[in-house]
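Engineer:
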DNA sequence: GTCAATATGGAATTTTCATTCCAAATAGAA
DNA sequence: TTCTATTTGGAATGAAAATTCCATATTGAC
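Residue numbers (the working numbering), protein chains in the order written: chain A, 36 to 319; chain B, 36 to 319.
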């Protein structure tokens, strides 16, 4: 072996190992770097798997795993694996606990930390909320409408734009024809003018409502193009133009709302649509 | 064998196993009861130990462990062990169940509904995950760096673009000067060329990494402009260019990931930055 | 391009481990 | 007590897994 590692050099816990890997990753040869990346990205797999199964999953040879372990001073793969197992045993304390552990006089840290905590808690609440408020039948109807469309028009402005833009990204990956409306105000209406009878639209709008979105939805509805919408209020101007609409209220922290629950909803809708299309056999 | 167990009788998860053990504990012979007590008291040992090591620790013979497993319908000790391992894999099991119980709706009946449930559960898991993986200290450093910047450059492509675009929206509302980089490839570099010593950048990139984002971050770092980044792997090319970086792995449902946890993180960071600025008195 | 050094794949080997088996012990019934 | 059924300990077995080894491939220096 080229490098002689003394006992002190061998990482004794996961954090030390991670640090060592990150420090030396640049100098590692190809396959070993591959293992390094896999190990840090899938620590649970390393903890539970066998050398053979991990090797397959990481697309290397079992012997490479042994070499990797030896590179970091371990006797073999098994001793390295112990580190990954120990990590699961000592359950890492949550953010809450670590926050409490901070020195009480460090006010700034506590403040940023509590903001972080607040948003995570709000997101949990939002998720609990949509689980109860979204009606499965309505969801199924929405999926049917959109899965049956030739092109799905995604309408969103401002605060809701990130949702549609993510759906657009996902639809692209899933090879579902779509058109994102809301990028630059000028060409929106031209795009919508092309929408035909076999198309459908999904509109998202949260208070304060962008009036263009409501107008565009109305326009489509008047042309018998079905609209599915996501809003934060039954009084949203979108609701009246929609065949199916969902009310989804994000919980707030200190008056600010994240889009956590909306994102989960959007992804569920997106994947459900793609799945339905695949079943219907007209995937594109 | 005295008792014939049908497939349905074999506990499929830890809770079922625990219930079965408690129910039959009284009727078990001495050594098997000993194993039962040990198993419930030291589930982690069962998960990771070998039959020999566990046997020694529980003061029985290895064969007794096999008999114990067979008593509960498993083929052998190994299959029983899988239950104990599964328990550690799913950090917080039961989100799916909780959702079902919480919800008056029965989402599980319909195909689309189960997709919906899956994404909500995955989002919950993701949130639990960031709560443990984000270090308050690093968060505070990130807030300080970005709050101190004149202009915050937001770098993101593809899957991570919705996050930055939402941050841009929120920064706009909060009157924090910022520049969203990633809209159209052409003008990106021109915008970044204007970044100066007093600015900072926040970059988001998830696997598969957009190489432009990494290059842009590298470019900024080389000009001594501090970069804070959010990635899903310590191996992200962004990490090496960053003063502070966060690793945030979104849980997946059926291979698809939503951005729920990332959104909560992004909003927390955004609001924390604005709040810090307000305190420093140079809010905009 | 040539050579040396390093890295890699894959088969061969060795070690470790779960399981099986059988003899001995124990508990329970008559 | 005596007989039987059940439980237990511990060695033997066979399967599975980690590790080693060697031939081949790749990289880097000159």
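Just so it is clear, CB atoms sit at the ideal spot from N, CA and C, and this is done for glycine as well. Being a predicted model, the structure only gives us computed values, none of them experimental.
#1: Inspect the beta-carbon positions of residue 104 of chain A and residue 155 of chain B and report whether they are closer than 9 angstroms.
#2: Is the separation between the beta-carbon of residue 240 of chain A and that of residue 273 of chain A shorter than 9 angstroms?
#3: Going by C-alpha to C-alpha distance, which of A:110, A:279, A:144, A:49 sits closest to residue 173 of chain A?
#4: What does the alpha-carbon distance come out to for the pair residue 29 of chain B and residue 277 of chain B?
#5: Whose CA, out of B:224, B:83, B:184, B:162, lies closest to the CA of residue 308 of chain B?
#6: Going by Cα to Cα distance, which pick from A:255, A:101, A:65 is closest to residue 235 of chain A?
#7: Residue 237 of chain B bridges to which residues according to DSSP?
#8: For a contact meaning CB atoms closer than 7 angstroms, what does residue 79 of chain B contact in chain A?
#9: How do the stretch 60-67 of chain B and the stretch 86-105 of chain A stand: do at least 3 beta-carbon pairs fall below 8 angstroms, yes or no?
#10: Go to residue 214 of chain B, then tell me how far its beta strand (DSSP E) extends in each direction, as first and last residue.
#11: Please name the residue, chosen from A:198, A:79, A:121, A:93, that lies closest to residue 51 of chain A on a Cα-to-Cα basis.
#12: What residues from chain B crowd round residue 60 of chain A, counting only those whose CB sits closer than 8 angstroms?
#13: Closest Cβ-Cβ distance between residue 111 of chain B and chain A: below 9 angstroms?
#14: Taking 9 angstroms as the CB-CB cut-off, is residue 261 of chain B touching chain A?
#15: When Cβ atoms are compared, which residues of the stretch 142-154 of chain A fall closer than 9 angstroms to chain B?
#16: Quick one: which residues of the stretch 83-107 of chain A get their C-beta closer than 9 angstroms to a C-beta of chain B? List them in chain order.
#17: Closer than 8 angstroms between beta carbons: that is the criterion. Which residues of the stretch 187-210 of chain B meet it against chain A?
#18: Just curious, the alpha helix (DSSP H) that residue 367 of chain B is in, first and last residue?
#19: The alpha helix (DSSP H) with residue 279 of chain A in it runs from where to where?
#20: Find out if the Cβ-Cβ distance for the pair residue 178 of chain A, residue 281 of chain A is shorter than 9 angstroms.
#21: In angstroms, rounded to a whole number, what distance separates the CA positions of residue 81 of chain B and residue 68 of chain B?
#22: Tell me which residues of the stretch 170-181 of chain B have at least one Cβ-Cβ distance to chain A shorter than 9 angstroms, keeping chain order.
#23: Cα-Cα, which of B:315, B:312, B:294, B:314 is closest to residue 158 of chain A?
#24: Which of the three DSSP states, helix, strand or coil, is assigned to residue 258 of chain B?
#25: With DSSP as the reference, identify every bridge partner of residue 291 of chain B, one or two as the case may be.
#26: Excluding the 5 residues flanking residue 193 of chain A on each side, which residues of the same chain have their C-beta closer than 6 angstroms to its C-beta?
#27: Have a look at residue 96 of chain B and residue 110 of chain A and give me their C-alpha separation to the nearest angstrom.
#28: So, at 7 angstroms on beta carbons, what are the nonlocal neighbours of residue 303 of chain B in its own chain, with the 5 sequence-adjacent residues on each side left out?
#29: Whole angstroms are fine: how far does the CA of residue 44 of chain B sit from the CA of residue 53 of chain A?
#30: State the CB to CB distance for the pair residue 217 of chain B and residue 199 of chain B, rounded to an integer number of angstroms; the pair is presumed to be in contact (CB under 8 angstroms).
#31: Taking C-beta pairs closer than 9 angstroms, name the residues in chain B that residue 66 of chain A reaches, listed in chain order.
#32: Indicate whether at least one CB of chain B lies closer than 9 angstroms to the CB of residue 215 of chain A.
#33: Spatial neighbours of residue 87 of chain B within its chain, please: C-beta separation below 7 angstroms, excluding the five flanking residues on both sides.
#34: Just the C-alpha distance for residue 212 of chain B and residue 268 of chain B, rounded to the nearest angstrom, thanks.
#35: When we look at the beta-carbon of residue 116 of chain A and count the other beta-carbons within 10 Å, is it buried (16 or more) or exposed?
#36: Between the Cα of residue 163 of chain A and those of A:301, A:248, A:310, A:283, spot the shortest distance and give me the residue it belongs to.
Structural biologist: To lay it out plainly:
#1: Walking along the first chain from the start, residue 104 of chain A turns up at place 69. Walking along the second chain from the start, residue 155 of chain B turns up at place 120. Going by C-beta atoms, residue 104 of chain A is not nearer than 9 angstroms to residue 155 of chain B.
#2: Within the first chain, numbered from 1, the residue matching residue 240 of chain A stands at position 205. Within the first chain, numbered from 1, the residue matching residue 273 of chain A stands at position 238. For residue 240 of chain A and residue 273 of chain A, yes; Cβs fall inside 9 angstroms.
#3: Within the first chain, the letter at position 138 stands for residue 173 of chain A. Checked all of A:110, A:279, A:144, A:49; the closest Cα to residue 173 of chain A is A:279.
#4: Within the shown structure, residues of chain B are numbered from 36 to 319, placing residue 29 of chain B beyond reach of any answer.
#5: On the second chain, position 273 is the one that residue 308 of chain B refers to. Looking at the Cα atoms, B:184 is the closest of the given residues.
#6: Here the question's residue 235 of chain A lines up with position 200 in the first chain. From the listed residues A:255, A:101, A:65, the smallest Cα separation to residue 235 of chain A is found for A:255.
#7: In the second chain, the residue the question calls residue 237 of chain B occupies position 202. Residue 237 of chain B pairs with B:189, B:263.
#8: Looking up residue 79 of chain B in the second chain gives position 44. Correct list: 124.
#9: Proximity of the stretch 60-67 of chain B to the stretch 86-105 of chain A falls short of the contact definition, fewer than three beta-carbon pairs being nearer than 8 angstroms.
#10: Locating residue 214 of chain B in the second chain gives position 179, counting from the first residue. It spans 213-216 - the beta strand (DSSP E) in which residue 214 of chain B sits, taken as one unbroken run.
#11: As a working mapping, residue 51 of chain A is identified with position 16 in the first chain. Answer by Cα proximity: A:121.
#12: Locating residue 60 of chain A in the first chain gives position 25, where the first residue counts as 1. Residues of chain B passing the Cβ test: 270.
#13: Against the second chain, residue 111 of chain B aligns to sequence position 76. Residue 111 of chain B does not count as touching chain A.
#14: Taking the second chain and counting its residues from 1, the one referred to as residue 261 of chain B is at position 226. False, the Cβ-Cβ gap to chain A never drops below 9 angstroms.
#15: 143, 144, 145, 146, 147, 148, 150, 151, 152, 153, 154
#16: 83
#17: 193, 194, 196, 197, 198, 200, 201, 204, 205
#18: Any question about residue 367 of chain B goes unanswered here, given that chain B covers just 36 to 319.
#19: One-based indexing of the first chain puts residue 279 of chain A at position 244. Boundaries around residue 279 of chain A are those of the beta strand (DSSP E), 279-282, since no alpha helix (DSSP H) includes it.
#20: Your numbering for residue 178 of chain A matches position 143 in the first chain. Your numbering for residue 281 of chain A matches position 246 in the first chain. No, the pair does not count as a contact, with Cβ atoms beyond the cut-off.
#21: Along the second chain, read from residue 1 onward, the residue named residue 81 of chain B stands at position 46. Along the second chain, read from residue 1 onward, the residue named residue 68 of chain B stands at position 33. In a straight line, the C-alpha of residue 81 of chain B is about 15 angstroms away from that of residue 68 of chain B.
#22: 170, 171, 172, 174, 175, 177, 178, 179
#23: Within the first chain, the letter at position 123 stands for residue 158 of chain A. Ranking B:315, B:312, B:294, B:314 by Cα distance to residue 158 of chain A puts B:294 first.
#24: Walking along the second chain from the start, residue 258 of chain B turns up at place 223. Coil, per DSSP.
#25: Along the second chain, read from residue 1 onward, the residue named residue 291 of chain B stands at position 256. The partner list for residue 291 of chain B (beta bridge, DSSP) reads B:288.
#26: Translated into positions along the first chain, residue 193 of chain A becomes position 158. Only residues of its own chain outside the window of five on either side were considered, and among them 245 have a CB closer than 6 angstroms to the CB of residue 193 of chain A, listed in chain order.
#27: In the second chain, counting from the first residue as 1, residue 96 of chain B sits at position 61. In the first chain, counting from the first residue as 1, residue 110 of chain A sits at position 75. Cα to Cα, residue 96 of chain B sits roughly 29 angstroms from residue 110 of chain A.
#28: As a working mapping, residue 303 of chain B is identified with position 268 in the second chain. Exclusion of the five residues before and after residue 303 of chain B leaves no residue of its chain whose Cβ lies closer than 7 angstroms to its Cβ.
#29: Sequence index remark: in the first chain, residue 53 of chain A carries index 18 (1-based). Sequence index remark: in the second chain, residue 44 of chain B carries index 9 (1-based). If you take the alpha carbons of residue 53 of chain A and residue 44 of chain B, they lie about 42 angstroms apart.
#30: Within the second chain, numbered from 1, the residue matching residue 217 of chain B stands at position 182. Within the second chain, numbered from 1, the residue matching residue 199 of chain B stands at position 164. Taking a contact as a CB-CB distance under 8 angstroms, the pair residue 217 of chain B and residue 199 of chain B counts as one, their CB atoms being some 6 angstroms apart.
#31: Stepping through the first chain from its first residue, residue 66 of chain A is reached at position 31. Those within 9 angstroms of residue 66 of chain A in chain B number zero; the least Cβ separation is about 14 angstroms.
#32: Residue mapping note: residue 215 of chain A aligns to position 180 of the first chain, counting from 1. For residue 215 of chain A, no Cβ of chain B is located within less than 9 angstroms of the residue's own Cβ.
#33: Here residue 87 of chain B refers to the residue found at position 52 when the second chain is read from its first residue. The residues are 97.
#34: Within the second chain, residue 212 of chain B is the residue found at index 177, counting from 1. Within the second chain, residue 268 of chain B is the residue found at index 233, counting from 1. If you take the alpha carbons of residue 212 of chain B and residue 268 of chain B, they lie about 29 angstroms apart.
#35: In the first chain, residue 116 of chain A corresponds to position 81, counting from 1. Flag for residue 116 of chain A reads buried.
#36: Locating residue 163 of chain A in the first chain gives position 128, counting from the first residue. Ranking A:301, A:248, A:310, A:283 by Cα distance to residue 163 of chain A puts A:283 first.
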